[in-house]
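Protein chains in written order, with my numbering: chain A, 1 to 442; chain B, 1 to 442; chain C, 1 to 442. Inspection log for the structure reproduced underneath, given as structure tokens.
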Amino acid sequence: MTVDLDTKSMDMSCLGLEMYSLIGELYPICRSITGNGVRKTLQIIQKHIPLEIHEVPTDTSVFDWTVPKEWNIRDAYIKDETGKKIIDFQESNLHILNYSIPIHKKMPLAQLKEHLFSMPDQPDWIPYRTSYYKETWGFCLPDRILKSLPEGEYEVYIDSSLEPGSLTYGELLLPGETTDEVLLCCHSCHPSLCNDNLSGIALVTFLAKYLSQKPLRYSYRFIFIPGTIGSITWLSLNEHRVSSIKHGLTVSNVGDSGHLTYKKSRRGTAEIDRVVSHVLKNLPQEYTISDFSPYGYDERQFCSPGFNLPVGSLTRTPFGTYPEYHTSADNLDFVQASALVNSFETYLTVIDVLENNHTYLNTNPKCEPQLGKRGLYSTMGGKQTTPEDRMAMLWVLNLSDGGHTLLDIAERSNLNFSTIKNAAFALANSGLLKVCLSSVST
Amino acid sequence: MTVDLDTKSMDMSCLGLEMYSLIGELYPICRSITGNGVRKTLQIIQKHIPLEIHEVPTDTSVFDWTVPKEWNIRDAYIKDETGKKIIDFQESNLHILNYSIPIHKKMPLAQLKEHLFSMPDQPDWIPYRTSYYKETWGFCLPDRILKSLPEGEYEVYIDSSLEPGSLTYGELLLPGETTDEVLLCCHSCHPSLCNDNLSGIALVTFLAKYLSQKPLRYSYRFIFIPGTIGSITWLSLNEHRVSSIKHGLTVSNVGDSGHLTYKKSRRGTAEIDRVVSHVLKNLPQEYTISDFSPYGYDERQFCSPGFNLPVGSLTRTPFGTYPEYHTSADNLDFVQASALVNSFETYLTVIDVLENNHTYLNTNPKCEPQLGKRGLYSTMGGKQTTPEDRMAMLWVLNLSDGGHTLLDIAERSNLNFSTIKNAAFALANSGLLKVCLSSVST
Amino acid sequence: MTVDLDTKSMDMSCLGLEMYSLIGELYPICRSITGNGVRKTLQIIQKHIPLEIHEVPTDTSVFDWTVPKEWNIRDAYIKDETGKKIIDFQESNLHILNYSIPIHKKMPLAQLKEHLFSMPDQPDWIPYRTSYYKETWGFCLPDRILKSLPEGEYEVYIDSSLEPGSLTYGELLLPGETTDEVLLCCHSCHPSLCNDNLSGIALVTFLAKYLSQKPLRYSYRFIFIPGTIGSITWLSLNEHRVSSIKHGLTVSNVGDSGHLTYKKSRRGTAEIDRVVSHVLKNLPQEYTISDFSPYGYDERQFCSPGFNLPVGSLTRTPFGTYPEYHTSADNLDFVQASALVNSFETYLTVIDVLENNHTYLNTNPKCEPQLGKRGLYSTMGGKQTTPEDRMAMLWVLNLSDGGHTLLDIAERSNLNFSTIKNAAFALANSGLLKVCLSSVST
């Protein structure tokens, strides 16, 4: 089957605005690893794709972990002695230490300060902090405000709940020609932070929407889960499914202006690793490829030794390496529609390579076939052949011995996968190639 | 068996003149992929070596191809309105588009121009053009003349024939101690072009002549064939023989002043690839080693996936990368006796390595043998040992465990193959080494 | 078993003085490959460690070699016509060509000169020369003295004996938890030369002394042998034992001020090669790692193809590459206590890695275990964890799939072995890791 995934027929600036607009719609919601913020987020995504919502009860055992209590928050503030709100959750949900337990109490500044978090090196930004597994409360605020607080009594109010409930995640499976799966996973637990990871949510949503309109070789599974506990929960509940996952990527930080970065799967030479590396190397822009490390996003769980799935991470600027990371400066100004579009196109190119990376057999393996008598020296797929097309045909014929995928041929010939793919299509149409059965999963 | 192939006892400047003189004798002949020019060329070579001439009839099926009609040409010219020959085949056989069909007709300049080929960027040179598989006619000429042609009627005359006949090639087998073969192949289809490939023809001829006087381990097969269709024809007729080909080289462009260039076989790590790379690395001069590519000379056919023979290509400046390539400037001034000699010596060194690249077994593998009591610390093969000789003996003893050829040892020790070979001979003479049976093909 | 080999509880400057002092005690003794000098040396070492002394009779066949006659010397001099001793063995035992036969004779200068050896490029130093396998006599002297000798009759006197006797070597086995052995070998045949190799003798002596007080996984075999003939003799007599040798090092030139140098075993990727390379790469100082070569110390014999043992050579400045090498300038000023200590510490670190280089199994391989609930995010082994400790735990958990040793993990994570080892101990203590049985030799 010939699959052509490209953006030629799409209005990309329109797509950029749609992704950006979804980010804007989700931005104000206070998300966490559980709670109504996640539910509301997934409901908004359902307006674009038919996401299935899963609820996993508190206290469910998931490998070494336990699904935590559900956290919800309605309001929170700190008032000074004059009754003026000096910190107000309604202004930014980053002001609250995520998973703060309820409190309503007056206390002097010294005692309050033990629960206040700021960034002295970025005095105007609110940091993002969480305390999922240690019950406490706290507020995050700009260091400039923290430093300006006068001595005195402060009123602290957090109207939250931490109670049995459930962990919520969204999932969509697009069935393809085979049951082999490509997994795309984004974490959906961060509150008002745009690049990390509303950008990933938006990209996965619109990628799913695009692919749902295409006939595909692979089945595609999209999951929107809270970080760490979400992937652990998903893997625990879906352990029987993981053998179907042939390739995967975790999606985050795809909206900033930095260049693309690929972190390889633990295997290091999995097909997904080679495919993404090839695609990045053929981009006109800068890129970074780094080896697997057991720190990062949910690839940590997919790549734990008991699973060792071929799941890498394709981002723009990696987490922790830009100053705005996990602060209020990761806002709507920090992500750009053009960067989202560039990330989307790159993901689509990766998927195009995965879909078309067949192994062919040269049906005429002894000496070269006579391309001229088949018209292939002058035209290929309806277009005039270029010298590069002719080289691509010679390479495909030479290496289609059953032991080389088209990606192998692209890498050895130093030609772009799409050039090799087009040459293979033309040769296959002339009967000079046939797909190796073994390269088609069933 | 000890084989010593070197040029110490030869008069190399004499050999250079002989090769150059053969090129001069063959230069005026109008060759093509078929026809009397090839026959005449092979007859001249027969004055040096007992070449067997093969004729393969037109329309013989050879894999995906068919042996074409035989082309012969006697005369051709273009006359202007005054009857003056402005292009004359007798002056240069490059003036004719090779494989032009006969014509005798008058036509205006505009119509004529559709059949004229020149090189605007080299206005004084005649390009070399062919049309083997599309029946047409044409003339090649300096761009300066093309541009100077006035409007008017021109008389076009080509006295050629394109008729059933045969494809002619020459072959010589020198039987060696074993039936394993080394293949040396040159294309013999180009008209008055010296480097490409009268230089290859001359080198192969005199290499065959030299080797025919030597006792050899391998059998050597020399073939003089038209490019592409010739190797396809040879492979089609000799398919049962190819399993005997253990090493091979296509020989072309060996007379220019550029440095040596080796293009590896498709296998990339075949013994011939390693041998030629070793020899080039140990030359005092510059060199280039490049990976296999499915474009080039007849290695394309030998390295097609259905054969995948260990055949590389050892040239000086590669085809297509010097301005004189495929033009009238690839003439007798462009090739030099000294370059031919340097190429010849390099080929001979390659063959010497192939012949002597045995695997030995240290007969005294536990600890070092006492070289001193055998006199090997001071003399080796009748000459005083150098420190390098002593290191070579230690390396050969250390690595002769049945798993390392002498070339492996040369590469690992960073010593020249000939130093290692001499050490191995001395040690074998002292009974400290014996040849592994498995390293001798039968 | 947890083994911790470090120098924290040791007084290293004291150890440095002890090693230096042993060198000083051994320096005046005239050693050779046989004879009383070696016996006296080994007796002095016995004051520190319970060395077993072996005597192998002259003429014993050892592979391709024969144990030579025993050489002893009492006195030697050259007197000029006035009866003045111009060369006196009592002043430096380097003055005598080692293994000189006895002589007492008068001769003119010209005849004497055939037996005199000096170094024109170092006119004040006495060279070290031997003639073990060719019976002759000679004296070594500063070139300045040689050049100043007037014509005349000289009296030559060497009171030596070359008679049937034995070859003497020392050996100590420290049994460990397993019978797998680590071999540490130093050559003990050089006369008054400090770096080569009294430094090696001192280091091995004190290393054996230190290790004898520790519970160990491996058994440790220390041998003090004459170079070449000694290791050949040992291997010949202990051929049945060599399969127990899992790792080995030859120890020499460990007291000079140069940086550490590791020469790999013939295998090149043996565990000892990887361990020493890792240790050197993690030193704050410069180092050199070089490939195996069949020239050098007794690793030549251990690495001969019939044994191919994993034995490398860890030195400071390698033999032959410093001007003082094999001259009277390799004296007590040339070696330094601080360099001996640095070498000792490096050897100990190597042994610590060997001892602890287990393969573990993550007992919780599916997703990450929850480190927080075990307190491992904040404390590890009683100390507060650093970010590096946390990364080390994640790496150990991720790669402990039964296919990676701790050294593999250290290399892949680019962390120091000791950091990885400590993380593994902490995880094992929490039950998150268990040692793979297959990684423990029995």
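Heads up, the beta-carbon is just placed ideally off N, CA and C, and yes, glycines get one too. Just so it is clear, the structure is predicted and the values come from calculations on it, not from any experiment.
If I follow the unbroken alpha helix (DSSP H) through residue i, where does it start and stop?
i: B/Ser219; result: Where B/Ser219 is concerned, there is no enclosing alpha helix (DSSP H), although the beta strand (DSSP E) it sits in stretches over Ser219 to Ile225.
i: A/Tyr347; result: Ala337 to Asn356
i: A/Pro387; result: Pro387 to Leu399
i: A/Ser231; result: Ile229 to Leu237
i: C/Val435; result: Here C/Val435 belongs to no alpha helix (DSSP H); instead the beta strand (DSSP E) covers Leu433 to Val435.
i: A/Ile86; result: Careful: A/Ile86 lies outside any alpha helix (DSSP H), inside the beta strand (DSSP E) at Lys85 to Asp88.
i: A/His278; result: Glu271 to Lys281
i: A/Leu146; result: Asp143 to Ser148
Counting only Cβ pairs nearer than 7 Å, list the residues of chain A close to residue i.
i: B/Tyr133; result: Gly372
i: B/Lys319; result: Residue identity differs from the one stated: residue 319 of chain B is Phe in this sequence, not Lys. Simply none; closest approach about 15 Å.
If you follow the beta strand (DSSP E) that residue i is in, where does it begin and where does it stop?
i: A/Arg74; result: Glu70 to Lys79
i: C/Gly37; result: C/Gly37 -> not in any beta strand (DSSP E); alpha helix (DSSP H) instead, spanning Asn36 to Gln46.
i: B/Ile409; result: Counting along the chain, B/Ile409 falls outside any beta strand (DSSP E), though it belongs to the alpha helix (DSSP H) covering Leu406 to Ser413.
i: A/His104; result: Ile103 to Pro108
i: B/Glu52; result: Glu52 to Pro57
i: C/Val311; result: Val311 to Thr315
i: A/Ser469; result: The question about residue 469 of chain A has no answer, for chain A in this structure spans 1 to 442.
i: C/Thr419; result: No beta strand (DSSP E) holds C/Thr419; the alpha helix (DSSP H) holding it covers Phe417 to Asn429.
So is residue i in contact with chain A if we call contact Cβ pairs under 8 Å?
i: C/Glu368; result: yes
i: C/Met119; result: no
i: C/Leu394; result: yes
i: B/Ile232; result: yes
i: B/Pro127; result: no
Strictly under 8 Å for the Cβ-Cβ distance: is residue i near chain C by that measure?
i: B/Ser400; result: yes
i: A/Ser413; result: no
Check residue i in the structure and name its three-state DSSP category.
i: C/Leu173; result: strand
i: C/Gly16; result: helix
i: B/Asp333; result: coil
i: A/Gln384; result: strand
i: C/Lys113; result: helix
i: A/Lys8; result: coil
i: B/Asn253; result: coil
i: C/Cys189; result: coil
i: C/Asp159; result: strand
i: C/Tyr262; result: strand
i: A/Glu299; result: helix
i: B/Gly403; result: strand
i: C/Val204; result: helix
If the cut is a Cβ gap below 9 Å, which residues of chain B does residue i touch?
i: C/Arg266; result: Asn398 and Leu399
Cβ closer than 8 Å: which chain A residues qualify as neighbours of residue i?
i: B/Asp64; result: Asn364, Cys367, Glu368, Pro369 and Gln370
Taking C-beta pairs closer than 7 Å, name the residues in chain B that residue i reaches, listed in chain order.
i: C/Arg300; result: Glu368
i: A/Met391; result: Tyr295
Under 8 Å Cβ-Cβ, which residues of chain B neighbour residue i?
i: C/Leu235; result: Lys366 and Cys367
List, in chain order, every chain C residue whose beta-carbon is nearer than 8 Å to that of residue i.
i: A/Pro305; result: Asn362, Pro365, Leu397, Asn398, Leu399, Ser400 and Asp401
*Of all the residues that make up the region 280–296 of chain A, which are near chain D by a beta-carbon distance shorter than 9 Å?*
Judged by its chain identifiers, the structure shown contains no chain D, and its protein chains are A, B and C.
*asked:* Measuring CB atoms only, is the region 44–59 of chain B touching the region 22–31 of chain B, in the sense that at least three cross pairs come out at less than 8 Å?
replied: The region 22–31 of chain B and the region 44–59 of chain B touch, with three or more beta-carbon pairs separated by less than 8 Å.
*Within the chosen definition, does the region 216–234 of chain C reach the region 167–177 of chain C through at least 3 CB pairs nearer than 8 Å?*
Yes, the region 216–234 of chain C is in contact with the region 167–177 of chain C.
*Is it true that the region 336–349 of chain C meets the region 384–399 of chain C, where meeting means three or more beta-carbon pairs spaced less than 8 Å apart?*
no
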